[in-house]
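Engineer: Mind having a look at this structure? Questions to follow.
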Amino acid sequence: MYRIFPSPKQCTFYHNTLSCTSYGSVTTAPEIEESCRAAGFDPAPLLASVFPGGFSPEGITLTAEYVSCAPEGFQLNIAPSSIRISCGDGAGFFYALGVLVQLAAQAGGTLPCAEIADEPVLSVRGIMLDIGRDKIPAMETLRRLIDLFASMRINHLQMYMEGFSFDYEDFHYLFTNETPMTPAEFRELSLYARAHFIDLVPNQNVLGHMEKWLEKPQFRSLAECEDGYIFENLFWRPPMTLDVRDSRSFELAETLLGTLMDASVSSYINVNMDEPFELGMGKNKEAAEKEGRLSLYFEYVEKLHDYCTSQGRKMLMWGDEILHHPDCVSRFPKDAVLLDWIYEGDAHFEDHAKLMQKTGLNYCLCPGTSSWGSLTGRSDNMAKNIRDAASCAIQYGGRGIITTDWGDLGHWQYLSASYPGFAYTAACSWTGPESDSDLTAWFCNRFIYESPAENAFQTAWDLGNYYHLEHAPLYNTTLAFAVMSSKYTFESIEEFDAKMERLLTLSANIARTNSIPPREPAIRIDFTAMKEYLDRVETEISDISLSCADAALIRAEMTNGLRMVRHGLHLYHTMTVLRDDPEAFSREMAVLFDDLDEILKIHYSLWTARNRSGGFQRSTAHMNHLLFFYKKMQKESGISAE
Numbered sequence: 156m157y158r159i160f161p162s163p164k165q166c167t168f169y170h171n172t173l174s175c176t177s178y179g180s181v182t183t184a185p186e187i188e189e190s191c192r193a194a195g196f197d198p199a200p201l202l203a204s205v206f207p208g209g210f211s212p213e214g215i216t217l218t219a220e221y222v223s224c225a226p227e228g229f230q231l232n233i234a235p236s237s238i239r240i241s242c243g244d245g246a247g248f249f250y251a252l253g254v255l256v257q258l259a260a261q262a263g264g265t266l267p268c269a270e271i272a273d274e275p276v277l278s279v280r281g282i283m284l285d286i287g288r289d290k291i292p293a294m295e296t297l298r299r300l301i302d303l304f305a306s307m308r309i310n311h312l313q314m315y316m317e318g319f320s321f322d323y324e325d326f327h328y329l330f331t332n333e334t335p336m337t338p339a340e341f342r343e344l345s346l347y348a349r350a351h352f353i354d355l356v357p358n359q360n361v362l363g364h365m366e367k368w369l370e371k372p373q374f375r376s377l378a379e380c381e382d383g384y385i386f387e388n389l390f391w392r393p394p395m396t397l398d399v400r401d402s403r404s405f406e407l408a409e410t411l412l413g414t415l416m417d418a419s420v421s422s423y424i425n426v427n428m429d430e431p432f433e434l435g436m437g438k439n440k441e442a443a444e445k446e447g448r449l450s451l452y453f454e455y456v457e458k459l460h461d462y463c464t465s466q467g468r469k470m471l472m473w474g475d476e477i478l479h480h481p482d483c484v485s486r487f488p489k490d491a492v493l494l495d496w497i498y499e500g501d502a503h504f505e506d507h508a509k510l511m512q513k514t515g516l517n518y519c520l521c522p523g524t525s526s527w528g529s530l531t532g533r534s535d536n537m538a539k540n541i542r543d544a545a546s547c548a549i550q551y552g553g554r555g556i557i558t559t560d561w562g563d564l565g566h567w568q569y570l571s572a573s574y575p576g577f578a579y580t581a582a583c584s585w586t587g588p589e590s591d592s593d594l595t596a597w598f599c600n601r602f603i604y605e606s607p608a609e610n611a612f613q614t615a616w617d618l619g620n621y622y623h624l625e626h627a628p629l630y631n632t633t634l635a636f637a638v639m640s641s642k643y644t645f646e647s648i649e650e651f652d653a654k655m656e657r658l659l660t661l662s663a664n665i666a667r668t669n670s671i672p673p674r675e676p677a678i679r680i681d682f683t684a685m686k687e688y689l690d691r692v693e694t695e696i697s698d699i700s701l702s703c704a705d706a707a708l709i710r711a712e713m714t715n716g717l718r719m720v721r722h723g724l725h726l727y728h729t730m731t732v733l734r735d736d737p738e739a740f741s742r743e744m745a746v747l748f749d750d751l752d753e754i755l756k757i758h759y760s761l762w763t764a765r766n767r768s769g770g771f772q773r774s775t776a777h778m779n780h781l782l783f784f785y786k787k788m789q790k791e792s793g794i795s796a797e
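In our numbering, each number is its position in the sequence shown, counted from 1, plus 155.
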C-alpha cells in the first residue's frame, strides 16, 4: 500500500513496477526549463535520491511536458520503462519529483506504475517563524526547515522580526551583544527558498511591538507614550508604539524596511501593523479625539503602502485593527494583502472571511501551531484552528493560510514541538480541511522523525495535549507555562494569587473578543490524573523510535519539555495546595530550585544546538527570577529543607 503526502486528488496504482536503479535521458519542455532556471532549481539531487545509480544511457527516460493546468499542479505517469510529468510550471515539476521521492522511499529499488493528478486547493500555503522574540535559528536549522517545508509543498515563508533580530548596519552599535541575521544571510536564504519554490517574504514590525527600539534613549522620543501605559486596566507596560505623526517614526520605518527589502528577492513585504495598543493615548490623544483613532492609523498605513509600492513590493499587514471596525475595511488598499489571525480552536474565522470576501480584499487566514505559551504545544487546539482556517479560506475566497509559530514570553518551546503544526498546515492547505490525519502522522513518522515503529508522531501529539487535564479556562497559553512565565510577576503568595486572577481575566477578555462561550473562571486541575498522564507520556518518550539525523536532539527536547511542564504544575501545586504547610512548602521550594537549575542547564545546550546564542539570557531571565524567588520563599518560611 503506497502513500503520498499530501493526499493527491486522483491516484491509480497498477501491479507492474519500474526499476529505479538509474535514469537515462531527461527531456524538459522549454517552458518548464525556464521556470526552473528562474527559480534556481536543479532537479539532479532529487533524481539522485530516486535513482541511486545516477545517470546511465540505459536508464529509464523521464519527460517533463508543458500543459496548461492549475498553477503548481501536475500529472504523473509512471510506466514500466519511462516517467512522464505534465505540468505548467517549475513548481509542478518539483512537486511531481517529490512524489517520486516518497514512492521510492517505500518501494525499495522500484517504483509502482501509477497515474497521479494533483493540484492545491489554496495558492498560499505558508509558515511564519518568529525570530523577533529572543530565539534566532542558526542558518543550518533554517536551511533544513526550508527542505522540510518544500517536501510538504509549503510555498510561503516569513520570519517575523521585531527589535534587533536583523543586522541593520546603521544601528549595529545599539545591539552589539545580539546575534542577528545579516543581510547576506537573509539573501542566501531567500535564494535557497526560491530554489525550493518557496517565497521568503521579508517581515518587519514598524508600528507596534517596537519596545526594544523605544527603550533606547536614541529612540525614546518616537514613542506615542514615552512613560508607558496601562494595558487593559490590568498592568503597566513600557512604550511599544511609534508616534505616527512624528516624521522621524516614518523615517525609521523606511530605513528598516528598505534595508530588509534590499536583501530580499520577494515581491512582497509584511509591515505587520498589529496591536498598536497605545495609539492615540499619548502625544496624539487630542488628534485621536478630534479625527478618530483609526484616521491616525490609516494615515500611517497609506504612507507605508505608498512607500512599499514605490519599491516595487506588495504590502502585507495584520488585520486586527481594521477588522474590528468593519465600516473602515473599504479604506484598505486593494492591492495589499490583509492577514487575519485567530489562535483558538473554539473561535472561528468565518465572520471575518465573509467580510473580506464581500469587500473584495486580498487576504490570508493565519492560525497557529499553538506551540508558544505551552512549552510542548496544544495539539488538539492546533488541529482544530488550522482546519477552520483552511476551510474558511477555501469557502470564502482567501488566497491561503499562513500558520504562525510565535515565541511569546521567552520562546521557551523547542522547534520539534511545532512539527505537527507544520505538517497539518501542509495537509490542509494543499488538500483541504478534510485531509487524512493518519496520512499526516504517516508522513511525519516516515520523513521527519524517521520512526521505524511509527510511534514518534503520537508521542509528540500526546506531549502537546496535557493541557486538557489542567481544566483551566486559559487561552493562548497553558497553566504549566503561565505560572512560570513573566506575565504578571510575583514575589509572594498574595502576588501569585493576583497573577492568577489577572490571567483568568485576560483569558475571559480573549474569549469575549473571539465569541468563545464563557467558561467558569476557576482552575479545576486533578493533580493525580495529570501525574498519571505525564508519566504515560514519559514512558512514550522513552520508548520512541527515531532514526533521523537529529534523533537524540528531538528526544532530549521532548524530555526537557515534559520536565518544564511538570515543573510549572509542581510550582502551581506548591503555591496553592501546600501554602498552609510551612514545612512542606519550604521543602518543595528547595526541590523546585534544584529542578529548575537542572532544566536551565539542559535548556541552554538544546537552545544552542539549533539556534544562535544571542537572546538566551533575555529569554531565561524570568527562570532565573524564579530561582531567586524559590530561595527567598524558603528563607522566609524559616524552615530548613535539609
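A virtual CB, placed ideally from N, CA and C, is assigned to each residue, including glycine.
For the beta strand (DSSP E) that Phe748 lies in, which residues bound it at each end?
Structural biologist: Note, Phe748: premise wrong, no beta strand (DSSP E); alpha helix (DSSP H) at Pro737 to Arg765.
Engineer: So is Thr763 buried or exposed if we call it buried at 16+ other beta carbons inside 10 Å?
Structural biologist: Exposed, by the Cβ-count rule.
Engineer: Going by other Cβ atoms of all chains shown within 10 Å of its Cβ, with 16 needed for buried, is Glu387 buried or exposed?
Structural biologist: Glu387 should be labelled exposed.
Engineer: Considering only the beta carbon of each residue, do His503 and Asp495 sit closer than 7 Å?
Structural biologist: Contact flag unset, no.
Engineer: Using a Cβ-Cβ cutoff of less than 6 Å, which residues in the same chain neighbour His777 once the five nearest sequence positions on both sides are dropped?
Structural biologist: Only Ser641 meet the Cβ criterion.
Engineer: Mark Ile271 as exposed unless 16 or more other C-beta atoms lie within 10 angstroms of its C-beta, in which case mark it buried.
Structural biologist: The residue in question, Ile271, is buried, as its Cβ has 16 or more Cβ neighbours within 10 Å.
Engineer: If you follow the alpha helix (DSSP H) that Lys458 is part of, which residue opens it and which one closes it?
Structural biologist: Looking at the DSSP string, the run of the alpha helix (DSSP H) that includes Lys458 is Arg448 to Ser465.
Engineer: Is there at least one non-hydrogen atom of the ligand GDP closer than 6 Å to the beta-carbon of Val356?
Structural biologist: Inclusion of the ligand GDP in the displayed structure is not the case, the ligand content being empty and no account of it being possible.
Engineer: Return helix, strand or coil for Gly770, following the three-state DSSP convention.
Structural biologist: DSSP places Gly770 in coil when its eight states are reduced to three.
Engineer: Do you know how far the Cα of Asn540 is from the Cα of Leu624?
Structural biologist: Going by the C-alpha atoms only, they are around 20 Å apart.
Engineer: Compare the beta carbon distance of His278 and Arg554 with 7 Å and say whether it is the shorter of the two.
Structural biologist: For the sequence presented, residue 278 should be read as Ser rather than His. Closer than 7 Å, so yes.
Engineer: If you follow the beta strand (DSSP E) that Met511 is part of, which residue opens it and which one closes it?
Structural biologist: Careful: Met511 lies outside any beta strand (DSSP E), inside the alpha helix (DSSP H) at Glu505 to Lys513.
Engineer: Which residue spans inside the stretch 199 to 286 form an unbroken alpha helix (DSSP H) run of at least 4?
Structural biologist: Counting whole runs of 4 or more residues, the stretch 199 to 286 contains the alpha helix (DSSP H) stretches 199 to 205 and 245 to 262.
Engineer: Would a C-beta distance cut-off of 7 Å place Phe160 and Phe598 closer than the cut-off?
Structural biologist: Yes, these two residues count as a Cβ contact at 7 Å.
Engineer: Can you give me the start and stop residues for the beta strand (DSSP E) that Asn425 sits inside?
Structural biologist: Tyr423 to Asn427 is the extent of the beta strand (DSSP E) around Asn425.
Engineer: Ignore the nearest five residues each way along the sequence and tell me which others in Asp690's own chain have a CB closer than 8 Å to its CB.
Structural biologist: Correct list: empty, nothing qualifies.
Engineer: With contact counted as at least three CB pairs below 8 Å, one residue from each stretch, are the stretch 657 to 668 and the stretch 615 to 624 in contact?
Structural biologist: Judged by Cβ distances under 8 Å, the stretch 657 to 668 makes no contact with the stretch 615 to 624, as fewer than three pairs qualify.
Engineer: Thinking just about the alpha-carbon of each residue, which of Leu781, Met511, Gly247 and Cys583 is nearest to the one in Asp750?
Structural biologist: Checking every option, the nearest Cα to that of Asp750 belongs to Leu781.
Engineer: Per the contact definition of three or more C-beta pairs closer than 8 Å, is the stretch 404 to 422 in contact with the stretch 336 to 356?
Structural biologist: Because the criterion of three Cβ pairs below 8 Å is met, the stretch 336 to 356 and the stretch 404 to 422 touch.
Engineer: Between the stretch 675 to 694 and the stretch 518 to 527, are three or more C-beta pairs nearer than 8 Å?
Structural biologist: No: the two stretches stay apart, fewer than three of their Cβ pairs being nearer than 8 Å.
Engineer: Using a Cβ distance threshold of 8 Å, determine whether the stretch 595 to 611 contacts the stretch 696 to 715, with at least three qualifying pairs required.
Structural biologist: Because the criterion of three Cβ pairs below 8 Å is met, the stretch 595 to 611 and the stretch 696 to 715 touch.
Engineer: Name the DSSP beta bridge partners of Ser174, please?
Structural biologist: Per DSSP, Thr265.
Engineer: How is Met639 classed by DSSP in three states: helix, strand or coil?
Structural biologist: Three-state result, Met639: helix.
Engineer: Who are the Cβ neighbours of Ser376 in its own chain at under 7 Å, not counting the five residues just before and after it?
Structural biologist: So no residue of the chain qualifies.
Engineer: Note down, in chain order, each residue of its chain lying with its Cβ closer than 6 Å to the Cβ of Gly500, except the 5 sequence neighbours on either side.
Structural biologist: Asn536, Lys539 and Asn540.
Engineer: Check this for me: beta carbons of Pro588 and Arg542, under 7 Å apart or not?
Structural biologist: Their beta carbons are under 7 Å apart, which means Pro588 touches Arg542 by this criterion.
Engineer: For the beta strand (DSSP E) that contains His728, what are its first and last residues?
Structural biologist: Segment Ala706 to Thr731 is the alpha helix (DSSP H) holding His728; no beta strand (DSSP E) there.
Engineer: Which residues mark the beginning and the end of the beta strand (DSSP E) in which Phe390 is found?
Structural biologist: It spans Phe390 to Arg392 - the beta strand (DSSP E) in which Phe390 sits, taken as one unbroken run.
Engineer: Take every Cβ of the stretch 453 to 464, pair it with every Cβ of the stretch 402 to 414, and state whether three or more of those distances are shorter than 8 Å.
Structural biologist: Segments in contact, yes.
Engineer: Beta carbon of Ala635, beta carbon of Val720: below 7 Å?
Structural biologist: For Ala635 and Val720, yes; Cβs fall inside 7 Å.
Engineer: Should Thr633 be labelled buried (16 or more other beta-carbon atoms within 10 Å of its own) or exposed?
Structural biologist: Thr633 should be labelled buried.
Engineer: Go to His311, then tell me how far its beta strand (DSSP E) extends in each direction, as first and last residue.
Structural biologist: Segment His311 to Tyr315, the beta strand (DSSP E) holding His311.
Engineer: Does DSSP put Cys547 in a helix, a strand or coil?
Structural biologist: In the structure shown, Cys547 sits in a helix (DSSP, three-state: H, G or I).
Engineer: Pull up the CB-CB distance for Ala711 and Leu761, whole angstroms please, since I reckon it's below 8 Å.
Structural biologist: Yes, Ala711 and Leu761 are in contact; Cβ-Cβ is about 6 Å, under 8 Å.
Engineer: Let me confirm a value: Trp561 is counted as buried when at least 16 other C-beta atoms fall within 10 Å, else exposed. Which label applies?
Structural biologist: Under this definition Trp561 is a buried residue.
Engineer: So, is Asn427 buried or exposed, given that buried needs 16 or more other C-beta atoms within 10 angstroms?
Structural biologist: Answer is buried; the Cβ neighbour count reaches 16.
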